[in-house]
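Taking it in order: structure first as C-alpha cells, then the write-up.
There are 2 protein chains.
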Amino acid sequence: MPEGAHAHVQSGESLLFLTDEQLRKGIEAMFFAYRGFTADPDRILEEYGYGRAHHRALHFIHRSPGTTVNNLLAILGVTKQSLNRVLRTLIVDGLVESRVGKRDKRERHLFLTEAGDALERKLSDAQRARMRAAYRAAGPEAVAGFRQVLEAMMEPELRRHFKRLKDSGS
Amino acid sequence: MPEGAHAHVQSGESLLFLTDEQLRKGIEAMFFAYRGFTADPDRILEEYGYGRAHHRALHFIHRSPGTTVNNLLAILGVTKQSLNRVLRTLIVDGLVESRVGKRDKRERHLFLTEAGDALERKLSDAQRARMRAAYRAAGPEAVAGFRQVLEAMMEPELRRHFKRLKDSGS
DNA sequence: GATCTTATGTCAGCCTTGTTGACTTTCCAA
DNA sequence: TTGGAAAGTCAACAAGGCTGACATAAGATC
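Protein sequences appear in the order of chains A and B.
Each step along the first sequence adds one to the number in the UniProt record's numbering, with nothing skipped, and position 146 is 146.
Each step along the second sequence adds one to the number in the UniProt record's numbering, with nothing skipped, and position 64 is 64.
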C-alpha cells in the first residue's frame with residue numbers, strides 16, 4: 001500500500017484501513033474527552049445544587065428563547081416527566097420563565113430570566129473556554145474534521161435538530 | 001480579513017477567530033454526537049439488563065486483561081462502591097473473573113470470561129460500526145482532526161490514561 | 001355542541017448509577 | 001509487630017432516567 005491509508009477514502013465499501021485498533025482509540029477518545037467536556041460546568045453546577053440536566057435545559061432555552069416544552073423534549077430526548085422535574089425547579093428558583101402561548105394557549109414558551117441568563121453564561125463561558133483551548137491547540141483544520149466526524153456520528157433524527165439549531169445561529 | 005479565519009492559527013494568544021457562535025456549535029455537536037455514540041450499545045445492554053457502567057467495565061477489562069480494581073477505578077473515575085456494585089453483578093453473572101494477585105494477594109486481577117468476551121465483542125462491534133461509518137463519511141483528514149481536538153479536550157490526568165492505553169495497542 | 005387529539009403538568013413508583021461514611025479483612029512493608 | 005494500602009461490604013441517600021395513570025385546557029374535527 002504505497003500511498004498509505006489516506007489514499008483510499010471515497011467509495012462506500014472503501015478500502016480505507018480502519019482497524020479495530022484505530023476505531024477503539026476513537027471510542028476511548030470520545031469517552032475521555034466527554035468527561036473533560038462536562039467537567040467545568042459540573043463543578044459550577046454543584047455549587048448551585050444543579051445537575052447536567054439543568055445545564056442542558058438552560059443551554060437550549062438560551063439557545064432558542066420562547067421554545068416550547070415539546071420542542072425541548074424532542075431535542076433533549078427525555079420524557080416529559082424527567083424534563084418537567086428539572087424545569088419546575090428552574091422555574092421555582094426564578095431562572096426560567098414559562099409563558100402561556102398566545103396563538104395556542106396549551107403551549108408554554110420558555111425563557112431565561114436575568115438570573116437564568118447569568119448562570120447560563122457562567123456555565124457556557126467555562127465550557128467554551130475549554131473548547132477554545134482545545135480548538136487552538138489542535139488548529140482550524142483539526143476543528144473542521146472534528147465537527148465533520150461528530151456530525152456523521154449523530155443519529156439522523158438528532159442531526160436534523162443540530163442542523164436546525166446550527167443554521168439559526170450567526 | 002482576506003484569507004479567512006484559517007490564516008491565523010499557530011500562536012498561543014492567537015488571533016484565530018473563535019466566536020462564541022462557533023464554539024457553541026462545537027459544544028452542541030459534542031452533545032448530540034455523544035448520544036449517537038452510546039445509542040447502539042445502550043440498545044444491546046438493555047436486552048441484557050445492563051447499563052453503560054457495565055459496558056465501561058467490560059470495555060476496559062477487555063482492553064487491559066488482568067487490570068486491578070484500583071487501576072480501573074482511576075480510569076473510570078468513580079468510587080469503588082459504585083464500581084464494585086457493577087463488577088459484582090458481572091462476576092455473579094459469569095462475565096468477569098476476579099483472580100487474587102500472585103505478587104500482591106490484596107489485589108484482584110480482572111479478566112473477561114468467554115461469555116464476557118462475547119458480550120464485549122457484541123457491544124464494541126456495534127459501537128465500532130458507527131464509528132467506522134462516521135470516519136468513512138468524514139474522511140481520514142477529518143478523523144485526524146477529530147482525534148486531535150478530543151485529545152486536547154481531555155483533563156490532563158485522563159489524557160495520561162488515554163495515552164497509556166493508546167500506546168499499549170497495535 | 002360533542003368529541004377527539006394535543007400539550008402540558010403531576011403523582012407515584014421503579015431503576016441505574018453516582019455519592020458519603022463506617023467498618024472489616026487481608027496482607028505488604030517498614 | 002504495627003501501620004497503611006487494597007479490597008470488599010453495608011447502609012443511606014440523591015440525581016435523573018423510566019413507566020403508568022390521570023387531570024386539565026384548548027385546539028381541531030365531525
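For each residue, glycine too, the CB sits at the ideal point set by N, CA and C.
On a predicted model such as this, the values are computed, not experimentally measured, just so you know.
For Arg52/B and Glu151/A, what's the separation of their Cα atoms in angstroms? The count along the second sequence starts at 1 and reaches residue 52/B at position 52. The count along the first sequence starts at 1 and reaches residue 151/A at position 151. C-alpha separation (whole angstroms): 22 Å.
Do Arg108/B and Asp40/B come within 7 Å of each other at the CB atom, strictly closer than that value? The count along the second sequence starts at 1 and reaches residue 40/B at position 40. The count along the second sequence starts at 1 and reaches residue 108/B at position 108. Their beta carbons are not under 7 Å apart, which means Asp40/B does not touch Arg108/B by this criterion.
Since Gly116/A and Leu95/A should fall inside the 8 Å C-beta cutoff, what is the C-beta to C-beta distance between them, to a whole number of angstroms? One-based indexing of the first sequence puts residue 116/A at position 116. One-based indexing of the first sequence puts residue 95/A at position 95. Contact between Gly116/A and Leu95/A is confirmed by a C-beta separation of about 3 Å, below the 8 Å threshold.
For Phe17/A, name the three-state secondary structure that DSSP assigns. As a position in the first sequence, residue 17/A is number 17, starting the count at 1. Note: Phe17/A maps to coil in three-state DSSP.
Just list the residues that DSSP pairs Thr79/A with in beta bridges. If you number the first sequence from 1, residue 79/A lands on position 79. In DSSP, Thr79/A forms no bridge with anything.
Residues sharing a beta bridge with His109/A, DSSP: Numbered from 1 along the first sequence, position 109 holds the residue referred to as residue 109/A. DSSP lists Thr68/A and Arg99/A as partners of His109/A.
So that I know if they touch, is there some Cβ in chain A lying closer than 7 Å to that of Val149/B? The residue labelled residue 149/B in the question sits at position 149 within the second sequence. Yes, Val149/B lies at the interface with chain A (some Cβ there is under 7 Å from its Cβ).
Between Phe111/B and chain A, is there a C-beta pair that is closer than 7 Å? Taking the first residue of the second sequence as position 1, residue 111/B is located at position 111. It does not: the Cβ of Phe111/B has no partner Cβ on chain A nearer than 7 Å.
Between the CA atoms of Arg88/B and Glu28/A - distance to the nearest angstrom: Reading the first sequence from its first residue, position 28 is the one you call residue 28/A. Reading the second sequence from its first residue, position 88 is the one you call residue 88/B. Each residue's Cα considered, the two are about 24 Å apart.
Measuring CA to CA, which of Arg103/A, Ile75/A, Asp104/A and Phe111/A is closest to Ile91/A? Your numbering for residue 91/A matches position 91 in the first sequence. Checked all of Arg103/A, Ile75/A, Asp104/A and Phe111/A; the closest Cα to Ile91/A is Phe111/A.
Whether or not the stretch 142-157 of chain B and the stretch 134-148 of chain A are in contact is what I'm after, with contact meaning three or more pairs of Cβ atoms, one per stretch, closer than 8 Å; do they touch? In this structure the stretch 134-148 of chain A lies against the stretch 142-157 of chain B, because at least three pairs of beta carbons, one per stretch, are closer than 8 Å.
Contact with chain B by Ala74/A, beta-carbon distance below 7 Å: Here residue 74/A refers to the residue found at position 74 of the first sequence. Closer than 7 Å: no.
Using the beta-carbon of each residue, which ones in chain B are nearer than 7 Å to Asp20/A? Within the first sequence, numbered from 1, the residue matching residue 20/A stands at position 20. Taking a Cβ-Cβ cut-off of 7 Å, the neighbours of Asp20/A in chain B comprise Arg128, given in sequence order.
Step through the CB atoms of chain B and report whether any lies within less than 7 Å of the CB of residue 178/A. Nothing can be reported for residue 178/A, as the shown portion of chain A is limited to 1 through 170.
Using a Cβ-Cβ distance under 7 Å, would Tyr48/B count as near chain A? Your numbering for residue 48/B matches position 48 in the second sequence. For Tyr48/B, the answer is no, since every Cβ of chain A falls outside 7 Å of its Cβ.
Lys25/B burial status per 10 Å Cβ neighbour count (16 or more: buried): For the purposes of this step, residue 25/B is taken as residue 25 along the second sequence, with counting starting at 1. Its Cβ being crowded by 16 or more others within 10 Å, Lys25/B is buried.
Since Glu28/B meets chain A, which of its residues come closer than 7 Å, beta carbon to beta carbon? On the second sequence, residue 28/B is found 28 positions in, with the first residue counted as 1. Residues of chain A passing the Cβ test: Phe162 and Leu165.
Whole alpha helix (DSSP H) runs in the stretch 16-54 of chain A with 4 or more residues, listed along the chain? Taking only runs of at least 4 residues, the alpha helix (DSSP H) segments lying wholly in the stretch 16-54 of chain A are 20-48.
For Gly145/B, the three-state DSSP class (helix, strand or coil): In the second sequence, residue 145/B corresponds to position 145, counting from 1. Looking at Gly145/B - three-state DSSP - the assignment turns out to be helix.
Which one of Arg121/B, Val86/B and Glu157/B has the shortest CA to CA distance from Ala74/B? The count along the second sequence starts at 1 and reaches residue 74/B at position 74. The shortest Cα separation from Ala74/B among Arg121/B, Val86/B and Glu157/B belongs to Glu157/B.
Neighbourhood of Glu97/A by C-beta distance below 6 Å, restricted to the same chain and skipping five residues each side: Residue 97/A sits at position 97 when you count from the first residue of the first sequence. For Glu97/A, where only same-chain residues beyond five positions count, the Cβ hits under 6 Å are Phe111 and Thr113.
Which whole-angstrom value describes the C-beta separation of Ala57/A and Val86/A, a residue pair presumed to lie in contact below a C-beta threshold of 8 Å? Along the first sequence, read from residue 1 onward, the residue named residue 57/A stands at position 57. Along the first sequence, read from residue 1 onward, the residue named residue 86/A stands at position 86. That belief holds up - the Cβ atoms of Ala57/A and Val86/A are roughly 5 Å apart, short of 8 Å.
Determine, using beta carbons only, whether Leu158/A comes closer than 7 Å to chain B. Residue numbering aside, residue 158/A sits at position 158 when the first sequence is read from its first letter. It does: the Cβ of Leu158/A has a partner Cβ on chain B nearer than 7 Å.
Nearest chain B C-beta to Gly36/A closer than 7 Å, yes or no? By 1-based counting over the first sequence, the position of residue 36/A is 36. Yes, Gly36/A counts as interfacial toward chain B.
For the alpha helix (DSSP H) that Met131/B lies in, which residues bound it at each end? Sequence index remark: in the second sequence, residue 131/B carries index 131 (1-based). Per DSSP, the continuous alpha helix (DSSP H) segment holding Met131/B begins and ends at Glu114 to Ala138.
What three-state label does DSSP hand Met154/B in the structure shown? Here the question's residue 154/B lines up with position 154 in the second sequence. Met154/B falls in the coil class under three-state DSSP.
Name, please, each residue of chain A whose Cβ falls closer than 8 Å to the Cβ of Arg132/B. Start at 1 with the first residue of the second sequence, and residue 132/B comes out as number 132. By Cβ distance, chain A contributes Leu18 and Leu23.
Apply the 10 Å Cβ neighbour rule to Gly49/B and answer buried if 16 or more other Cβ atoms are within range, or exposed otherwise. The count along the second sequence starts at 1 and reaches residue 49/B at position 49. When all chains shown are included, Gly49/B counts as exposed.
Strictly under 7 Å for the Cβ-Cβ distance: is Glu155/A near chain B by that measure? On the first sequence, position 155 is the one that residue 155/A refers to. Yes - at least one Cβ of chain B is within 7 Å of the one on Glu155/A.
Is Asp104/B helix, strand or coil by DSSP? As a first step, residue 104/B must be located in the second sequence, where it is residue number 104. DSSP places Asp104/B in coil when its eight states are reduced to three.
Contact belief for Ala142/A with Met153/B at Cβ below 8 Å, rounded distance in angstroms: For the purposes of this step, residue 142/A is taken as the residue at position 142 of the first sequence. For the purposes of this step, residue 153/B is taken as the residue at position 153 of the second sequence. A Cβ-Cβ distance of about 11 Å is found for the pair Ala142/A and Met153/B, leaving them out of contact under the 8 Å criterion.
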